[in-house]
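In the numbering used here, the protein residues as written are 9 to 450.
Cβ coordinates follow ideal geometry from the N, Cα and C atoms, glycine included.
Working notes for the structure below.
Rendered as structure tokens:
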């Protein structure tokens, strides 16, 4: 009988919400608008890359002779006057008067002899990051060549002795290359989804309880069903609504991104197409063409990540959803929820901050404990699993067990508060009052 009553509440919550016009519009338009914004930003970003003319005043009279324009870059260098007859002030005046130049670069006389000297870039309109990177790299290379010339060091000798060794960090037990930053991005992506899901639908649980309590509908419901059954039915019903909406979002975003990539940005698919082109090494091992493909197709255990994502997705929601249901039952309006929402929401915010900062040390004590504590584990553990490490199997199992036990415990506490709170009106409870409700015996 209990199961059937909870099932009725679940069915009521689910059907009443998925049939709403707002749910249908948000489910369909949400991902389409998201994809549209992404591609609009990409398109506008490409359009903003215009030709930039750079006026250079070189007090050393030597650096500019080593500067060459890159035919593949929109930036164009123009040397002002290196004869010594024109000063930097003259260059500044001409730069202000002329509409032909976008940037003015000043190279002081001691820029070669003094390592800590600084050049100056003046602009009329702020340059893009891409332009600044190109300018900085080009001028630094020119300064390097000019310095070699100053000390009478042949460029050929310098190139022959210059070291540019790249190091790969590899785990000796798994022979896997360390790619923690990219791997953590996968875990953080899943973590952000869980973070948003818990708040979006946990708050919906709280608002639904407050609405029913305010309208006195709950008084009719508890006459035929126990408060615990009502609370669980509401939590699970709204969770199923969220899972439905999320599944549709994933499908629509995937289809939209693929379609727009083919139609509007065909060049963006080149890297993905290269991932399918494999070749045999001398030793007979199959290697992928680029690091991104290697990360996506080999280094990430997607079956494990998706399985854990679903578990923590549901477990984290049930944990926080039960607490938010209790908050909704304890207050009479949304304005009264702030004092209770802060301690409930802070662990999730803290978990996200920790997840960002454990990339460099995923096996440290902070990362371990935050991935085991149930209030932070739904986010932190996904980042740790994505990166990988020693002893992860027993740690994941322990984390999952603790989350289940904690969910049962918090549900019991929330049920105690819910049972008393849904029938309490006109009184704003304190934390001391909530403790009395928890200790209240049946």
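Rounded to whole angstroms, the separation of the alpha carbons of residue 392 and residue 370 is 6 angstroms. If you keep only unbroken beta strand (DSSP E) runs of at least 3 residues inside the segment 132-168, you get nothing at all.
Residue 129 sits in a strand when the DSSP states are folded into three classes.
Per DSSP, the unbroken beta strand (DSSP E) holding residue 112 starts and ends at 111-115. Residue 65 and residue 168 have their C-alpha atoms spaced approximately 32 angstroms apart.
If you draw a straight line from the Cα of residue 212 to the Cα of residue 411, it comes to about 22 angstroms.
Listed in chain order, the alpha helix (DSSP H) elements of length 4 or more contained wholly in the segment 339-415 are 346-365, 373-380, 385-395. In the three-state reduction of the DSSP assignment, residue 101 falls in the helix class. Of the residues 46, 150, 109, the one whose Cα lies closest to the Cα of residue 120 is 150. Counting C-beta pairs closer than 8 angstroms gives fewer than three between the segment 91-109 and the segment 35-43, which falls short of the contact rule.
Its chain contains 253 as the residues whose beta carbon lies nearer than 8 angstroms to that of residue 34, once the 5 sequence neighbours on both sides are disregarded; these appear in chain order. In the three-state reduction of the DSSP assignment, residue 448 falls in the coil class, being assigned neither a helical nor a strand state. For residue 87, the CB contacts under 6 angstroms within the same chain, skipping 5 residues up- and downstream, are 64, 72 in chain order.
Judged by DSSP in its simplified three-state form, residue 119 adopts coil rather than helix or strand.
With respect to the 8 angstroms criterion, residue 359 and residue 387 are classified as neighbours on the basis of their beta carbons. Per DSSP, reduced to three states, the secondary structure at residue 61 is strand. Annotation for residue 428: 445, 448 place their beta carbon closer than 7 angstroms to its own, counting only its chain and skipping 5 residues before and after.
For residue 66, the beta-bridge partners assigned by DSSP are 115.
At the C-beta level, residue 75 and residue 161 stay beyond 8 angstroms of one another. Its Cα nearest to that of residue 338, the residue 422 stands out among 257, 241, 422, 20.
For residue 380, the closest C-alpha among the options 414, 16, 69 is that of 414. Residue pairing by DSSP places residue 217 opposite no residue, since no beta bridge is assigned to it. By the CB criterion at 8 angstroms, residue 374 and residue 355 fall outside the cutoff.
Sequence-distant partners of residue 334 (beyond 5 residues in either direction) whose C-beta falls short of 6 angstroms from its own C-beta, in its chain, are 422, 425, 426.
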